[in-house]
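Numbering (the working numbering), first residue to last: 86 to 199. All remarks here apply to the structure that follows.
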């Protein structure tokens with residue numbers, strides 16, 4: 086789950102968000118942050134190794150591109166997590182409804198015995 090580890094860092098998440106809007110050179114990305122070009126390059130390297138970003142040569146420039154296929158691992162993980170939470174939340178809802186019914190019956194019994 087290298088992609089999940091890669092976006093655990095807020096700078097890398099922001100880079101992914103920026104690249105989702107449009108492709109950018111590393112220099113354009115550096116302008117968006119208060120950090121050095123080598124630091125941004127390290128973040129881009131992690132994102133590339135995780136398969137989230139690819140690089141395309143365009144003349145002398147290297148354009149950073151978000152790789153939609155790299156998001157597949159994240160989507161799979163989110164789907165698994167969603168299904169677990171969905172089942173748990175459904176069970177919680179059933180329990181809360183049952184508790185409400187028990188409380189309503191107890192209140193009704195209390196009123197009728199008064």
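Positions of the beta carbon are idealized from the N, C-alpha and C atoms, including for glycine. Computed from a predicted model, the values in this text were never measured in an experiment.
By how many angstroms is the C-alpha of residue j removed from the C-alpha of residue i?
i	j	result
residue 101	residue 190	54 Å
residue 134	residue 91	9 Å
residue 114	residue 125	7 Å
residue 187	residue 198	16 Å
residue 159	residue 192	48 Å
residue 87	residue 176	32 Å
residue 141	residue 111	11 Å
residue 127	residue 178	45 Å
In this structure, how does DSSP classify residue i when only helix, strand and coil are distinguished?
i	result
residue 121	coil
residue 107	coil
residue 92	coil
Going by CA-CA distance only, name the one from the options that's closest to residue i.
i	options	result
residue 130	150, 145, 116	150
residue 148	179, 117, 107, 171	107
residue 105	118, 132, 152, 96	152
residue 132	164, 145, 93	93
When burial is assigned at 16 or more other CB atoms within 10 Å of the CB, is residue i buried or exposed?
i	result
residue 167	exposed
residue 138	buried
residue 155	buried
residue 181	exposed
residue 98	exposed
Determine, using beta carbons only, whether residue i comes closer than 8 Å to chain D.
i	result
residue 152	This model lacks chain D altogether, as it is built from one protein chain only.
Complete runs of the alpha helix (DSSP H) confined to the region 135-198 [at least 4 residues]:
Fully enclosed alpha helix (DSSP H) runs of 4 or longer: 157-198.
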